[in-house]
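Contents: one structure, followed by commentary.
In the working numbering, the protein residues as written are 69 to 439.
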């Protein structure tokens, strides 16, 4: 079975957010964190339904904090709030007989088509059965769409992940089209529907999928995803980034032909890796007709003696809008205006992410689109 990766601008049925829990990583600044998550949920809920996952026993607290309209609370255990990385990756089945780059390369068709047809029938029967049994806030009425469930191991065994690795199955088990014993984090891949963009520093990191080589992973991606090409970026991480350089902190598509990427001046300590990023993107993507637009980094943020990986590239596309992280930085206004110019038909909603980045992530990291 092959699947088409759904770009983030594809229509959403809703968004998933995992809310912080008492006694967890956010306890250091709880009141500020609650207020920041409240504003994030409110921002998204004006565009689409939000499924907010809360720690069992904490529902009543969050009911007093969040808007009731367009927000559904679900109780589940979690290790962390960064559902972008452990949430299922949204895809659409490639229609039987549809031409893909892989099929055009002369793969065996007869046996594959028979197996694919049989598998599709079995999946369709099972999905329809489960769909009748399970009511969801925003039901998936398209049996050809769902998610792929990959293994999550806490960003290369850095942090506990036992609950996070189960959350997709717990919350959206009826929508899983296929599961893989392969470590892949949602923030580690970016797509415009035809190109899959990822980083060596994260996807090939030794505690994720060792001893698989780049060629093996490249072939795996091309076998599973109906993409024309996998583009590998070196991906040296921003200072303070503990994901080993997720692409969603560095470069993001906003439409099929436009890629935004993080950029800065030589005075910024992140300049060497971002200069290398720009060079690689111009070499690999400009010849393919992809327009590259630099987005400045905010000024360096230092908290408790360490750099924080603040980036405007960690925005989130919702139905008809953009949730844009800002950092109480002089560049905030400039970047808001730039996004509005780049996406004139979208409503740009700035949300202060200064608190979020204290735990090394931002708005895209905290959200998972449901298609």
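Here a beta-carbon is modelled for each residue, glycine too, at the ideal position from N, C-alpha and C.
Computed from a predicted structure; not experimentally measured.
Residues of the same chain with a CB within less than 8 Å of the CB of residue 163, apart from the 5 flanking positions on each side, are 212 in chain order. Taking a C-beta distance under 8 Å as the contact criterion, residue 315 and residue 301 qualify as a contact pair.
Under the three-state reduction of DSSP output, residue 269 falls in the helix class.
Nearest to residue 358 by alpha-carbon distance, out of 436, 216, 327, 153, is 327. Of the residues assessed, residue 98 falls on the exposed side of the cut-off, its CB having fewer than 16 other CB atoms within 10 angstroms. Beyond the five residues adjoining it in sequence on each side, residue 238 comes within less than 7 Å, by CB distance, of 144 in the same chain, given in chain order. Residue 432 sits close to residue 384, with the two beta carbons spaced by under 8 Å. With fewer than 16 other beta carbons inside 10 angstroms of its own, residue 278 counts as exposed. With respect to residue 102, residue 120 sits apart: the two C-beta atoms are not nearer than 8 Å. For residue 227, same chain residues with a beta-carbon under 8 Å away, outside a window of 5 residues either side, are 147, 148 in chain order.
In the three-state reduction of the DSSP assignment, residue 397 falls in the coil class, being assigned neither a helical nor a strand state. Between the alpha carbons of residue 430 and residue 209 lies a gap of roughly 31 Å. Beta-bridge annotation (DSSP): residue 109 is not paired with any residue.
Secondary structure at residue 357: coil, using DSSP grouped into helix, strand and coil. Counting only residues of its own chain and dropping the five nearest sequence neighbours on each side, residue 251 has a CB closer than 6 Å to the CB of 219, 221, 276, 277.
Counting only runs of 3+ residues, the beta strand (DSSP E) found wholly inside the region 394-433 occupies 415-420, in chain order.
In this structure, residue 416 places its C-beta atom within 8 Å of the C-beta atom of residue 392. About 14 Å separates the beta carbon of residue 341 from that of residue 311, a gap too long to meet the 8 Å contact definition. Cβ contact annotation for residue 117 (same chain, cutoff 8 Å, sequence separation greater than five): 81, 82, 83, 138, 139, 140, 205, 206, in chain order. Distances from the CA of residue 320 to each of 105, 421, 263, 72 were compared; the closest alpha carbon is that of 263. For residue 70, no pairing in a beta bridge is given by DSSP. One alpha carbon belongs to residue 100, the other to residue 422, and they sit about 10 Å apart. Rounded to whole angstroms, residue 72 and residue 373 show a C-alpha spacing of 43 Å.
Residue 350 carries a helical assignment under DSSP once its states are collapsed to helix, strand and coil. Distance from the CA atom of residue 272 to the CA atom of residue 335, rounded to whole angstroms, is 30 Å.
Taking 8 Å as the cut-off, the Cβ atoms of residue 345 and residue 353 do not count as close. Assignment of residue 217 by DSSP, reduced to helix, strand and coil, places it in the strand class.
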